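Okay, so here's the structure we're looking at.
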Amino acid sequence: MSNFRNRHIGTAGEAQSVMLGSLGYSSLDELMDAAVPTAIRQESFLSRIPAAASERETLAELRAIANENTVGRNMIGLGYYDSIMPSVIKRNIFENPSWYTAYTPYQPEISQGRLEALITFQTMVCDLTGMGTANAGMLDEASAAAEAMLMARRVSGSESNIFLVDADVFPQTRAVLETRAEPIGVTLNFVDFAADDVAGALNDGAFGALIQYPDSSGRIRDISADIAAVKGVGGVAVVASDLLALNLLTSPGSQGAEIVIGSSQRFGVPLGFGGPHSAFFAVAEGLERQMPGRLIGVSRDADGRPAYRLTLQAREQHIRRDKATSNICTAQVLLAVLAAMYAVYHGPAGLRQIAIDVAEKANRFARRAKAAGHHVVHTDFFDTVQIRVPGKAKALASTAHAAGLLLHVADNDTIQISFDELSTGFATGILAGGDDVLIDPIFGLTPEAASNTVATVSDTAVPKALRRSDDILTHPVFNTHHSETSMMRFLKRLADKDFALDRGMIPLGSCTMKLNAATEMEAVTWREFGGVHPFAPTADVGGYLLLISQLEEWLTELTGYDTISLQPNAGSQGELAGLLAIRGYHLSRGDNHRDTCLIPSSAHGTNAASAVLAGMKVVVVSCRDNGDVDIDDLRAKIAEHGNNLAALMVTYPSTHGVYEHGIREITAAVHDAGGQVY
């Protein structure tokens, strides 16, 4: 029976003995005795951890869990939309260890394939947003909005602490902004840019504003006047946008935006109950050095040939530490590659037609709803239709849910329907005749005869004044690989320029250096996991809830903690969440003055950057020549800052790979001074 220990680790018998012998040990137990201090060993039995499963048993268990999820037709929207991952991309990237086992591209000479794919992502984003520079991806749209808020504050020159936020922003973006603003002293003012007096909202000044385009309710409108008003008071205009919509809409850049953010999820990436998806971040020319995240540039190698590399790295946390532009490191590279290759495969004409088809479906539904006597809220929209149904929104959503359709209840009187690449209709659909067969009876719509004509932008609800007319995605890479054979060969050429674990060992220590076995990766491709919307009803996500609860139980048992959060989607965000929890602990006790975070000099730069984002001041603790924390210096720093001490951040095992014997002494010293340890 195949088990992970034998298949996944791979060292056994004679090879293991040779490796141990070269280190001077006779057994694994002897090596562990030397490496792991007695004081930190787990002595109690892990009673809540089940017996190890074989690969076959694991797949069977995952299949049973997946079957507890119900995948409906997702028409909720709110920044998450079903899309189709082309099979050539699924087979040659998503399921290909040449792409998913590569290390972060610090060494450009063994990363040219990924770097080329990422600069393709950057080019795609720049073209669609109309901006000068884009980075190589962000963790998600909501945290990208928070990063844009931080950048706006850095570059605006305004003394205001106010950041205006579109009242019709996505709910997840609103929640993250509220979490991130308070620790750094930013006041959020929510403004209905479509209806409110924007000039009046700016009377008290603002260092920036975030405008959603199209907005959460589906509406599209000319945002140039709002952008000009924000810039008129010295603020920075940030726009959250939709890459598919921007194939048809005038770009935010052409309307004066200085920062544009959003998600690339609908470019062929599964929903996955909310992630992972790569967000994007683009800026106007001249703001590149204030951007967060990785940036790929073109240089020349030793022979003078063009070559790709990470550029402007002095902005990043591994160099600037507490003065970095952000705490993020790598950010959903695989997902950014998938989105970029979706654009390469479809090309500008293909993307535009997908966008037209989605928008035409939405407009056709709205037109039929009006004919049936419904009040359609917005005249101009891309893919999302709001219908006023006084007092009936929840009942209609419940009826739709019973039929397999997931709609969004905007309020008691308003229901919202979003269309996407999977939306079908008029006797051609994958759902027994199409989505219209399911949705028509719910709204009392009269069926229409099928049409074989190809939709055009005139068939959409995008007004002429907002229709895009400039050429985009003109680079040859977007206009060449539209057959499966050409695309397959292109992806193979890129993969051949990279070194990943499918070729050999990568002897670099990092939190990202974990090989996911093929069995572990297989379930990621299943529709029962990938097709679940993050705002799906609780009754539909039983499998995910079981998966989460099991993992939480196992991890709390392993770590010895009382509870755990699986929400952070990167180590950097886990750091920030932990520090915010520590900050909240001190505030709850009235210790508002505790704002100093001690960080060893050997720590990863992310630690210091995260502390700043949590509203803390960083004080560096010296390390000895062997890399261990200098406990004498730690005690001196505690004595100096003890009354203001909030936390110590310590990496264990340390960044030089050692379990320090003094860890209990270190944590006790911090606790005795009233601090907490991350």
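Mapping of the sequence shown onto this note's numbering: position 77 corresponds to residue 129, and the numbering continues sequentially without gaps.
For each residue, glycine too, the CB sits at the ideal point set by N, CA and C.
Note that this is a predicted model, so its numbers are computed, not measured.
Next on the checklist: Quick check on G349: does DSSP put it in helix, strand or coil?
Outcome noted: What you label residue 349 is simply residue 297 of the sequence shown in a count that begins at 1. G349: strand per DSSP, three-state reduction.
Item to check | Separation of D554 from S662, as counted between CA atoms | outcome: As a first step, residue 662 must be located in the sequence shown, where it is residue number 610. As a first step, residue 554 must be located in the sequence shown, where it is residue number 502. Using only the alpha carbons, I get a separation of about 33 Å.
Item to check | Cβ contact (3+ pairs, closer than 8 Å) linking the region 306-320 and the region 150-168 | outcome: Contact between the region 306-320 and the region 150-168 is not established, with fewer than three Cβ pairs separated by less than 8 Å.
Next on the checklist: With H, G and I counted as helix, E and B as strand and the rest as coil, what does DSSP make of Q5?
Outcome noted: Given that the chain is displayed from residue 53 to residue 730, the structure contains no residue 5 and the question cannot be resolved.
Checklist entry - From D685 to T703, what does the alpha carbon distance come to, in whole angstroms? => result Taking the first residue of the sequence shown as position 1, residue 685 is located at position 633. Taking the first residue of the sequence shown as position 1, residue 703 is located at position 651. Approximately 17 Å between the Cα atoms of the pair.
Item to check | Reference S316; option with closest CA among Y394, V282, T436 | outcome: As a working note, residue 316 is residue 264 in the sequence shown. Ranking Y394, V282, T436 by Cα distance to S316 puts Y394 first.
Next on the checklist: Measuring straight from C-alpha to C-alpha, what distance separates A233 and A112?
Outcome noted: Translated into positions along the sequence shown, residue 233 becomes position 181. Translated into positions along the sequence shown, residue 112 becomes position 60. A233 and A112: Cα-Cα distance of roughly 44 Å.
Checklist entry - Closest by CA to S293, which one among G496, H693, D435, P442? => result Here residue 293 refers to the residue found at position 241 when the sequence shown is read from its first residue. The candidate whose alpha carbon is nearest that of S293 is D435.
Checklist entry - Taking the Cβ atom as the reference point for each residue, do E580 and N119 lie within a distance shorter than 8 Å? => result As a first step, residue 580 must be located in the sequence shown, where it is residue number 528. As a first step, residue 119 must be located in the sequence shown, where it is residue number 67. Cβ distance < 8 Å, so E580 and N119 count as in contact.
Checklist entry - Which term fits Q619, buried or exposed, when burial requires 16 or more other beta carbons within 10 angstroms of its beta carbon? => result Residue mapping note: residue 619 aligns to position 567 of the sequence shown, counting from 1. Under this definition Q619 is an exposed residue.
Checklist entry - Does the Cβ-Cβ distance between H527 and Y397 come in under 8 Å? => result For the purposes of this step, residue 527 is taken as residue 475 along the sequence shown, with counting starting at 1. For the purposes of this step, residue 397 is taken as residue 345 along the sequence shown, with counting starting at 1. No, these two residues do not count as a Cβ contact at 8 Å.
Item to check | Contacting residues, own chain, Cβ-Cβ under 8 Å from V410 (five flanking each side not counted) | outcome: Counting from 1 along the sequence shown, the entry for residue 410 is found at position 358. Result list for V410: L296, F434, D435, F471, D472, E473, S475, in chain order.
Next on the checklist: DSSP three-state label for Q264, please.
Outcome noted: The residue given as residue 264 occupies position 212 in the sequence shown. It is a strand residue.
Checklist entry - Assuming A107 contacts R59 under a Cβ cut-off of 8 Å, what Cβ separation, rounded to an integer in Å, is found between them? => result As a working mapping, residue 107 is identified with position 55 in the sequence shown. As a working mapping, residue 59 is identified with position 7 in the sequence shown. Per the sequence shown, the amino acid found at residue 107 is Glu instead of Ala. Contact holds; Cβ gap of about 7 Å.
Next on the checklist: Considering just the uninterrupted stretch of the beta strand (DSSP E) at D81, what are its terminal residues?
Outcome noted: Walking along the sequence shown from the start, residue 81 turns up at place 29. That residue, D81, is in no beta strand (DSSP E); its alpha helix (DSSP H) goes 80-87.
Next on the checklist: Can you confirm whether the region 163-175 touches the region 245-263 when touching is taken to mean that 3 or more C-beta pairs between the two stretches lie within less than 8 Å?
Outcome noted: no
Checklist entry - DSSP three-state call for Q438: helix, strand or coil? => result To locate residue 438, count along the sequence shown from 1; it is residue 386. Q438 falls in the strand class under three-state DSSP.
Checklist entry - Thinking C-alpha only, which one of I491, K413, H426 is nearest S450? => result Walking along the sequence shown from the start, residue 450 turns up at place 398. Out of I491, K413, H426, I491 has the C-alpha closest to the C-alpha of S450.
Item to check | For R361: DSSP bridge partner residues | outcome: Looking up residue 361 in the sequence shown gives position 309. Looking at the DSSP assignment, R361 forms a beta bridge with G349.
Checklist entry - Taking Cβ to Cβ, would you say L254 is nearer than 8 Å to L240? => result In the sequence shown, residue 254 corresponds to position 202, counting from 1. In the sequence shown, residue 240 corresponds to position 188, counting from 1. It is not a contact, given that the beta carbons lie outside the stated cut-off.
Checklist entry - Do V291 and I263 have their CB atoms nearer than 8 Å? => result Position 239 of the sequence shown, counting from 1, holds the residue named residue 291. Position 211 of the sequence shown, counting from 1, holds the residue named residue 263. Going by C-beta atoms, V291 is nearer than 8 Å to I263.
Next on the checklist: Pop quiz: L628 and A666 are said to be a contact at Cβ under 8 Å. What is the actual Cβ separation, rounded to whole angstroms?
Outcome noted: Residue mapping note: residue 628 aligns to position 576 of the sequence shown, counting from 1. Residue mapping note: residue 666 aligns to position 614 of the sequence shown, counting from 1. The Cβ separation is near 6 Å, so the contact holds.
Checklist entry - Contact check, V509 vs D432 under 8 Å by CB: the rounded distance? => result Taking the sequence shown and counting its residues from 1, the one referred to as residue 509 is at position 457. Taking the sequence shown and counting its residues from 1, the one referred to as residue 432 is at position 380. Not really, about 13 Å apart at Cβ, beyond 8 Å.
Checklist entry - Mapping DSSP to helix, strand and coil, what is Q94? => result Translated into the one-based positions of the sequence shown, residue 94 becomes position 42. Looking at Q94 - three-state DSSP - the assignment turns out to be coil, as it is neither helix nor strand.
Next on the checklist: According to DSSP, simplified to helix, strand and coil, what is H638?
Outcome noted: Walking along the sequence shown from the start, residue 638 turns up at place 586. H638: helix per DSSP, three-state reduction.
Checklist entry - Do L130 and A330 come within 8 Å of each other at the CB atom, strictly closer than that value? => result Looking up residue 330 in the sequence shown gives position 278. Looking up residue 130 in the sequence shown gives position 78. Strictly speaking, residue 330 in this sequence is Ser, with Ala absent from that position. L130 sits away from S330, with the two beta carbons spaced by 8 Å or more.
Next on the checklist: Comparing C-alpha positions only, which one of S674, G727, V177, I467 sits nearest to C649?
Outcome noted: Indexing the sequence shown from 1 puts residue 649 at position 597. Nearest C-alpha to C649: G727.
Item to check | According to DSSP, residues forming a beta bridge with S470 | outcome: Here residue 470 refers to the residue found at position 418 when the sequence shown is read from its first residue. According to DSSP, S470 bridges with T436.
Item to check | Continuous alpha helix (DSSP H) stretch holding G65: start and end | outcome: Taking the first residue of the sequence shown as position 1, residue 65 is located at position 13. Run containing G65: 65-75, per the alpha helix (DSSP H) assignment.
Item to check | Identity of the residue in G270, D274, A204 nearest A261 by Cα | outcome: The residue you call residue 261 lines up with position 209 of the sequence shown. With distances taken between Cα atoms, A261 lies closest to A204.
Checklist entry - Q319 by DSSP, collapsed to three states: which one? => result Here residue 319 corresponds to residue number 267 of the sequence shown, with the count starting at 1. Note that residue 319 is Phe in the sequence shown here, rather than Gln. Three-state DSSP puts F319 in coil, outside helix and strand.
Checklist entry - Given a threshold of 16 other Cβ atoms within 10 Å of its Cβ, counted over all protein chains shown, does G305 qualify as buried or as exposed? => result Position 253 of the sequence shown, counting from 1, holds the residue named residue 305. G305 is buried by the Cβ-count criterion.
Item to check | Cβ-Cβ distance between G182 and G345 below 8 Å | outcome: In the sequence shown, counting from the first residue as 1, residue 182 sits at position 130. In the sequence shown, counting from the first residue as 1, residue 345 sits at position 293. No, the Cβ-Cβ distance between G182 and G345 is not below 8 Å.
Item to check | Distance between G630 and G556 (C-alpha atoms, nearest Å) | outcome: Here the question's residue 556 lines up with position 504 in the sequence shown. Here the question's residue 630 lines up with position 578 in the sequence shown. If I take the Cα positions, the gap works out to 35 Å.
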